[in-house]
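Q:
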Amino acid sequence: MKRFLGIVLFIIISKFSIAQQLPLYSQYMLNGFLLNPAMAGCETYIPLRLTVRQQWAGINNAPDTYAISAHSRIGKVDNMGVGGYIFSDWFGPVIRTGLQAAYSYHMNLPKIDSKLALGISATAFQYRLDQSILDPLEDDDAALDGSVEGYFVPDANFGAYLYRHNYFVGVAATQLLEYNVDVTSSEDNKMIRHYFATAGYKFNLNEDFEMEPSVLVKGTEKTPFQLDVNLKTYYKKNYWLALSYRTGNSAIAILGLKVQRYYIGYAFDYTFSDIRNYSHGSHEIMVGVNFKENKEQGSSLL
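In structure tokens form, the structure reads like this:
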């Protein structure tokens, strides 16, 4: 019976996560640490971020994601960073809970007036199948007793991040170990390695407005790579509007503001797939605070 439930769990996970084994976020422009462990400690303050996402609103048991993260510089010369990230991702009967502990080392590159950070993180995920959500075909189905079956998945991530106050370039690889979910002997049960590449540049248009175009390329060895094209505009450093296009998938609008050290942002995703006939879009709210921030710093790339 346990083997049967394990197979059911993996089938559900695979159908959803062959292209999305990691949580999906729209406001990563304000919290790139979620994608790249090298970004731990790349700010002079400590950013704490809380994200709540409802995907495909209007569809029962559609994915919901909750995440909290923080990172900080450490060391006598502020050349190291540490960070942590916890998330819970719900998709019907499948619950994915994970945590990450990251370390990064930052090197000065005086010839180009920039810094290069290398980071690594250890991660742990737990996949659970909540049988109480499933509707059995037969009322006396002995295989579904309402319990929760779970599988533990350890892993690791690596990233590199080149940055200055007005630009950034980053690459990262996640789920490096490609751990096999041990419910069958099939190689198809492996977690898939994900790759990310980001780049952006901030232009000062005048005293009030700044504009930041950026791109994100992401994909796996088993799925096509996907491109996000983003354009973010700041007003007086404390208000922002962003528009994004995700190839073959969706368009995203983001609004946000900063009051002193406090952040709040909202994102709305509109999908171009057939899901749009049943869904009211996806919604994401992010709130945060920057501890130990200089009041004059205003907006930043993170």
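Note that the sequence shown ends on residue 414 in my numbering; no numbers are left out. Where is the CB? At the ideal position from N, CA and C, for every residue including glycine.
(1) Could you please give me the residues that DSSP links to Y273 through a beta bridge?
(2) Would you kindly report the start and end of the unbroken beta strand (DSSP E) that includes P373?
(3) Since K330 is in the beta strand (DSSP E), which residue starts that stretch and which ends it?
(4) Rounded to the nearest angstrom, what separates N148 and I171 at their Cα positions?
(5) Residues in its own chain within less than 6 Å of A272 by CB, not counting five upstream and five downstream?
(6) Would you give the residue range spanned by the beta strand (DSSP E) that H218 belongs to?
(7) Can you give me the C-alpha to C-alpha distance between S298 and Y291, rounded to a whole angstrom?
(8) Would you mind stating whether I373 and N342 have Cβ atoms separated by less than 8 Å?
(9) Taking the straight line between their C-alpha atoms, what separation do you get for G331 and I366?
(10) Which class does Y157 belong to by DSSP, given the choice of helix, strand or coil?
(11) DSSP state of I304, grouped into three classes?
(12) Report the three-state DSSP secondary structure of A174 (helix, strand or coil).
(13) Counting C-beta neighbours from all protein chains within 10 Å, is the total for P336 16 or more, i.e. buried, or is it exposed?
(14) In the DSSP assignment, find the beta strand (DSSP E) that holds S356 and state where it starts and stops.
(15) Keeping to the same chain, check which residues put their C-beta closer than 8 Å to that of E322; ignore five residues upstream and five downstream.
(16) Report the residue from I158, Y197, S233 and K188 whose alpha carbon sits nearest the alpha carbon of G210.
(17) List the whole-angstrom C-beta distance separating Q139 from G377, where the pair is believed to meet the contact cut-off of C-beta under 8 Å.
(18) DSSP puts R240 in a beta bridge; with which residues?
(19) Output the distance between the C-alpha atoms of G153 and T177, rounded to the nearest integer angstrom.
(20) What residue range is occupied by the uninterrupted beta strand (DSSP E) comprising S394?
(21) Does DSSP put A150 in a helix, in a strand, or in coil?
(22) Consult DSSP for G144 and reduce its assignment to one of helix, strand or coil.
(23) What's the call for M219, buried or exposed, on a 16-neighbour Cβ count within 10 Å?
(24) Thinking C-alpha only, which one of L142, S356, V399 and L274 is nearest V382?
(25) Which of the three DSSP states is assigned to N389 in this structure?
(26) Relative to the alpha-carbon of V329, which residue among F270, L353, R358 and M303 has its alpha-carbon at the smallest distance?
(27) Would you tell me roughly how many angstroms separate the C-alpha atoms of F199 and A379, rounded to the nearest one?
(28) Measure the alpha-carbon distance for N173 versus G262 and round it to whole angstroms.
A: Taking the structure as given:
(1) The residue labelled residue 273 in the question sits at position 161 within the sequence shown. The partner list for Y273 (beta bridge, DSSP) reads A229 and G282.
(2) As a position in the sequence shown, residue 373 is number 261, starting the count at 1. Per the sequence shown, residue 373 should be read as Arg rather than Pro. Premise fails: R373 is in no beta strand (DSSP E) and is neither H nor E.
(3) Here residue 330 is taken as the residue at index 218 of the sequence shown, counted from 1. It spans F321 to T332 - the beta strand (DSSP E) in which K330 sits, taken as one unbroken run.
(4) Position 36 of the sequence shown, counting from 1, holds the residue named residue 148. Position 59 of the sequence shown, counting from 1, holds the residue named residue 171. Looking at the two C-alpha atoms, the distance is approximately 31 Å.
(5) On the sequence shown, residue 272 is found 160 positions in, with the first residue counted as 1. For A272, where only same-chain residues beyond five positions count, the Cβ hits under 6 Å are A150, L230 and V283.
(6) Position 106 of the sequence shown holds residue 218. Per DSSP, H218 belongs to the beta strand (DSSP E) from V206 to L221.
(7) Looking up residue 298 in the sequence shown gives position 186. Looking up residue 291 in the sequence shown gives position 179. Any reading at S298 needs caution, since the residue's pLDDT is 49, under 50, leaving its predicted position unreliable; the model's value is listed next. Their backbone Cα atoms lie some 12 Å apart in a straight line.
(8) Within the sequence shown, the letter at position 261 stands for residue 373. Within the sequence shown, the letter at position 230 stands for residue 342. The sequence as given places Arg at residue 373; Ile does not occur at that position. Their beta carbons are not under 8 Å apart, which means R373 does not touch N342 by this criterion.
(9) Here residue 331 is taken as the residue at index 219 of the sequence shown, counted from 1. Here residue 366 is taken as the residue at index 254 of the sequence shown, counted from 1. So the alpha carbons of these two residues sit roughly 23 Å apart.
(10) If you number the sequence shown from 1, residue 157 lands on position 45. Note: Y157 maps to coil in three-state DSSP.
(11) Position 192 of the sequence shown, counted from the first residue, corresponds to residue 304. Three-state result, I304: coil.
(12) Locating residue 174 in the sequence shown gives position 62, counting from the first residue. Of the three classes helix, strand and coil, the one that applies to A174 here is coil, per DSSP.
(13) Residue 336 sits at position 224 when you count from the first residue of the sequence shown. Exposed.
(14) The residue you call residue 356 lines up with position 244 of the sequence shown. Its beta strand (DSSP E) spans residues Y351 to R358.
(15) What you label residue 322 is simply residue 210 of the sequence shown in a count that begins at 1. Answer for E322: K314, F315, N316, T345, Y346, K349 and S411, listed in chain order.
(16) The sequence position of residue 210 within the sequence shown is 98, counting from 1. Ranking I158, Y197, S233 and K188 by Cα distance to G210 puts Y197 first.
(17) Your numbering for residue 139 matches position 27 in the sequence shown. Your numbering for residue 377 matches position 265 in the sequence shown. 5 Å between Cβ atoms; contact.
(18) For this step, residue 240 is matched to residue 128 along the sequence shown. I207 and G262.
(19) For the purposes of this step, residue 153 is taken as residue 41 along the sequence shown, with counting starting at 1. For the purposes of this step, residue 177 is taken as residue 65 along the sequence shown, with counting starting at 1. Answer to the nearest angstrom: the Cα atoms are 25 Å apart.
(20) Counted from its first residue, the sequence shown places residue 394 at position 282. Where S394 is concerned, the enclosing beta strand (DSSP E) stretches over S394 to F403.
(21) As a working note, residue 150 is residue 38 in the sequence shown. The answer is helix: DSSP assigns A150 an H, G or I state.
(22) Numbered from 1 along the sequence shown, position 32 holds the residue referred to as residue 144. Helix, per DSSP.
(23) Here residue 219 refers to the residue found at position 107 when the sequence shown is read from its first residue. With fewer than 16 other Cβ atoms within 10 Å, it is exposed.
(24) Within the sequence shown, residue 382 is the residue found at index 270, counting from 1. Note on residue identity: the sequence assigns Tyr, not Val, to residue 382. Comparing Cα positions, the closest option is S356.
(25) What you label residue 389 is simply residue 277 of the sequence shown in a count that begins at 1. Helix, per DSSP.
(26) Working through the sequence shown from its first residue, we reach residue 329 at position 217. If we check each option's Cα against that of V329, R358 comes out closest.
(27) By one-based count along the sequence shown, residue 199 stands at place 87. By one-based count along the sequence shown, residue 379 stands at place 267. The straight-line gap from Cα to Cα measures roughly 18 Å.
(28) What you label residue 173 is simply residue 61 of the sequence shown in a count that begins at 1. What you label residue 262 is simply residue 150 of the sequence shown in a count that begins at 1. Their backbone Cα atoms lie some 19 Å apart in a straight line.
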